[in-house]
Amino acid sequence: MQNGFILSRQKGSHRIYVKDKIRQVLPFHSGGILHPKIVKEIMENTLK
Numbered sequence: 004m005q006n007g008f009i010l011s012r013q014k015g016s017h018r019i020y021v022k023d024k025i026r027q028v029l030p031f032h033s034g035g036i037l038h039p040k041i042v043k044e045i046m047e048n049t050l051k
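Numbering follows this note's numbering, in which position 20 of the sequence shown is assigned residue number 23; successive positions increment by one, without gaps.
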């Protein structure tokens with residue numbers, strides 16, 4: 004991820020990115036497509 008988010012850790016197929024006090028959990032499946040609601044949530048959090 005860009006915009007200053009750093010991969011903090013990974014638990015199973017979920018990657019946890021942090022920036023200041025914002026934590027973003029992303030499901031990670033190679034070849035998988037993210038659900039539109041997840042993409043919307045990511046965009047809202049990264050634009051804060």
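Every residue, glycine too, gets a C-beta built ideally from N, C-alpha and C.
Considering only C-alpha positions, which residue in the set the options is nearest to residue i?
i	options	result
Met-46	Ser-33, His-32, Leu-10, Ile-25	Ile-25
Lys-22	Lys-43, Ile-41, Leu-10, Gly-35	Leu-10
Glu-44	Ser-16, Arg-18, Val-28, Gly-7	Val-28
With respect to the alpha helix (DSSP H) encompassing residue i, which residues constitute its N-terminal and C-terminal limits?
i	result
Ile-45	39-49
Identify every residue that forms a DSSP beta bridge with residue i.
i	result
His-17	Lys-14, Pro-30
Using the three-state DSSP reduction, which class does residue i fall into: helix, strand or coil?
i	result
Lys-22	strand
Ile-9	strand
For my contact list, residue i and residue j are in at a C-beta cut-off of 8 angstroms; report their separation, rounded to the angstrom.
i	j	result
Arg-12	Phe-31	Their Cβ separation, rounded to whole angstroms, is 12 angstroms, which puts Arg-12 and Phe-31 out of contact at 8 angstroms.
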